[in-house]
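Chemist: Under the numbering used here, the sequence shown is numbered contiguously, ending at residue 180.
We put the CB at the ideal spot given by N, CA and C, even for glycine.
All of these numbers come straight from a predicted model, not from anything done at the bench.
I'd like to ask some things about the structure below.
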Amino acid sequence: MSQGYIFKVIFIGDAAVGKTSLIRKFTKSEFSKEYIMTLGAQFTTHEDKIEGANCRLLLWDIAGDKKLSSLRPAFYRGAKGAIIVFSHASGQEESFNNVSFWLNDIRKNCEKIPIILFGNKIDLIEDDELSKNKGKPTSNDNIEKFINGNNIAGYYKTSALTGNGVIDAFQTLIKILYNEYK
Ligand code: G3D
Ligand code: MG
């Protein structure tokens, strides 16, 4: 007998880091998109099969910079997984500093749920910069320490522009959720 699962997954991070673009790239906008006006949020549905089971992801994307919004609890409610996005683009360094803010916010508003970190816009920097330049806050070494120290389930470098890393990153979360709930 085949079983189905529905997982609400929330996307958070600073404005303009590429959250909406990543969802678009991954789903190719093939499924329904609903805009929830009162929340300033939209969700896109994506279906995947894993070990013969249907997994439906409801990918929740918040519009704009909702840092101060009192509506956030409703956005977080019922989430089974979270993706925090920051940008590797120069000029958006602040988006990595704010990952801690988003992390705290998830932990305050959600039960214990798996969290994956996406370092997006990887197409805009040289990979060398992240492997050799160990002093850089977003270097591979520093992020590895950060995710281990904060119990983050995974880190992926992505580009919504080229598609690099995008499928792997989403698949990891789908597998974690499936294994947790199957
Ligand atoms: P948000 O949903 O987090 O606010 P968006 O971010 O998805 O709206 O993306 C913000 C801008 O960054 C967009 O540019 C988008 O095209 C660009 N962008 C998103 N992901 C990437 C990426 O991986 N690489 C590059 N080079 N650009 C990316 P505009 O110009 O439309 O504002
Ligand atoms: Mg957006």
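With which residues is I60 paired in a DSSP beta bridge?
Modeler: A39
Chemist: Tell me E32's beta-bridge partners as DSSP assigns them.
Modeler: Answer is F41.
Chemist: So, for V15: in the same chain, excluding its five sequence neighbours on each side, which residues have a beta-carbon less than 7 Å away from its beta-carbon?
Modeler: V83, F84, S85, Q90, S93 and N118
Chemist: So what does DSSP say about D121, is it helix, strand or coil?
Modeler: helix
Chemist: Which residues bound the alpha helix (DSSP H) around G147?
Modeler: N138 to G147
Chemist: Answer with buried or exposed for F99, where buried requires no fewer than 16 other C-beta atoms within 10 angstroms of its C-beta.
Modeler: exposed
Chemist: Closer than 8 Å to a non-hydrogen atom of the ligand MG - does that hold for the CB of K17?
Modeler: yes
Chemist: Mark N177 as exposed unless 16 or more other C-beta atoms lie within 10 angstroms of its C-beta, in which case mark it buried.
Modeler: Classification of N177: exposed, given that the 10 Å Cβ count is below 16.
Chemist: Does the Cβ of V7 lie closer than 8 Å to at least one heavy atom of the ligand G3D?
Modeler: no
Chemist: Hey, would you say the C-beta of K26 is under 8 Å away from at least one heavy atom of the ligand G3D?
Modeler: no
Chemist: Heavy atom of the ligand MG less than 8 Å from the Cβ of A167, yes or no?
Modeler: no
Chemist: Can Y3 and Y179 be called in contact, C-beta distance under 9 Å?
Modeler: yes
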